[in-house]
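Here is the structure we will look at, set down as structure tokens.
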Amino acid sequence: GAGVSQSPSNKVTEKGKDVELRCDPISGHTALYWYRQSLGQGLEFLIYFQGNSAPDKSGLPSDRFSAERTGGSVSTLTIQRTQQEDSAVYLCASSLGIRETQYFGPGTRLLVL
Amino acid sequence: DAKTTQPPSMDCAEGRAANLPCNHSTISGNEYVYWYRQIHSQGPQYIIHGLKNNETNEMASLIITEDRKSSTLILPHATLRDTAVYYCIVRMLWDGQNFVFGPGTRLSVLP
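Those sequence lines, one after another, are chains A and B. Under our numbering, the letters of the first sequence match residues 1 to 113, in that order. Under our numbering, the letters of the second sequence match residues 1 to 111, in that order.
See the structure below:
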């Protein structure tokens, strides 16, 4: 079946602009996660959604970052007033439930000039 | 901080078994061992996970020592497409945000 998809695959933007990153989880997966991976580094947790519960936003680095998940499916990560240090690969993952294995999308490579 | 220790790199001949070790001496009783890999420019790919018993699936086998302080991921017949960075992670099932990827092992499968 289809895996996790993300769009765009690459995004180049200018400092100060807003960007939106999209994630389509695997159908039927109730849990959705956003991570960030800087060059050569491990994954940094950002936020996760589980069903209709309030999202865990504990990993968001600043109030410039926000995410929403509409209808329990597609999620959008928004970064306002982008900074150069926001440049990274943004990864989305989904799982059947919070206790289940996470499956990752291909990521969105964000470059802030 | 990652709770695991892995060698930074390994080579393996194509067609041979690749055995990737991982030390996790501080693992707690309810933490699972997960293995993911990341091929250049792609998202992490789930391979296998286990608690204390050895596990096998279509991709690999996972051997966990009896004291659970270390494990080995086995790719039985490595191919060039298995060249990737392999990550060993320990986490509780419900701990979504505790997905800490260390540096991993860069496996190079050689023709």
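All C-beta atoms in this analysis are idealised placements derived from N, C-alpha and C, irrespective of residue type, glycine included.
Could you tell me whether the Cβ of residue i comes closer than 9 Å to any Cβ of chain A?
{"i": "B:G102", "result": "yes"}
{"i": "B:Q6", "result": "no"}
{"i": "B:G29", "result": "no"}
{"i": "B:Y86", "result": "no"}
{"i": "B:G15", "result": "no"}
Can you tell me which of the options puts its alpha carbon nearest to the alpha carbon of residue i?
{"i": "A:V19", "options": "A:A54, A:N10, A:S27, A:P25", "result": "A:N10"}
{"i": "B:I27", "options": "B:P103, B:E66, B:R106", "result": "B:E66"}
{"i": "B:V109", "options": "B:K3, B:S9, B:T5, B:A13", "result": "B:A13"}
{"i": "A:A54", "options": "A:S62, A:F65, A:G72, A:R99", "result": "A:G72"}
{"i": "B:A56", "options": "B:P111, B:T72, B:Q42", "result": "Just to set this straight, residue 56 of chain B is Thr in the shown sequence, not Ala. Comparing Cα-Cα distances from B:T56 to each of B:P111, B:T72, B:Q42, the minimum goes to B:T72."}
By the criterion of Cβ-Cβ separation under 8 Å, what are the contact partners of residue i in chain A?
{"i": "B:R49", "result": "Checking the sequence shown, residue 49 of chain B turns out to be His, not Arg. Near B:H49 (Cβ distances below 8 Å), the residues of chain A are T101."}
{"i": "B:Y115", "result": "Only positions 1 to 111 of chain B appear in the structure, and residue 115 of chain B is not among them; the question remains open."}
Any beta-carbon of chain B closer than 9 Å to the one on residue i?
{"i": "A:G42", "result": "yes"}
{"i": "A:G28", "result": "no"}
{"i": "A:V4", "result": "yes"}
{"i": "A:Q37", "result": "yes"}
Using a C-beta to C-beta distance shorter than 8 Å, which residues of chain B count as neighbours of residue i?
{"i": "A:L91", "result": "G43, P44"}
Compute the beta-carbon to beta-carbon distance between residue i and residue j, rounded to the nearest angstrom, for a pair I have assumed lies under 8 Å.
{"i": "B:A60", "j": "B:I74", "result": "6 Å"}
{"i": "A:L32", "j": "A:R69", "result": "6 Å"}
Run down chain B in chain order and give the residues with a C-beta less than 7 Å from the C-beta of residue i.
{"i": "A:G107", "result": "G43"}
task: Write down every uninterrupted run of the beta strand (DSSP E) in the stretch 31-97 of chain A whose length is 3 residues or greater and which is fully enclosed by it, in chain order.
output: Annotation: the stretch 31-97 of chain A contains the following complete segments of the beta strand (DSSP E) (minimum length 3 residues), in chain order: 31-37, 43-50, 65-69, 75-79, 88-95.
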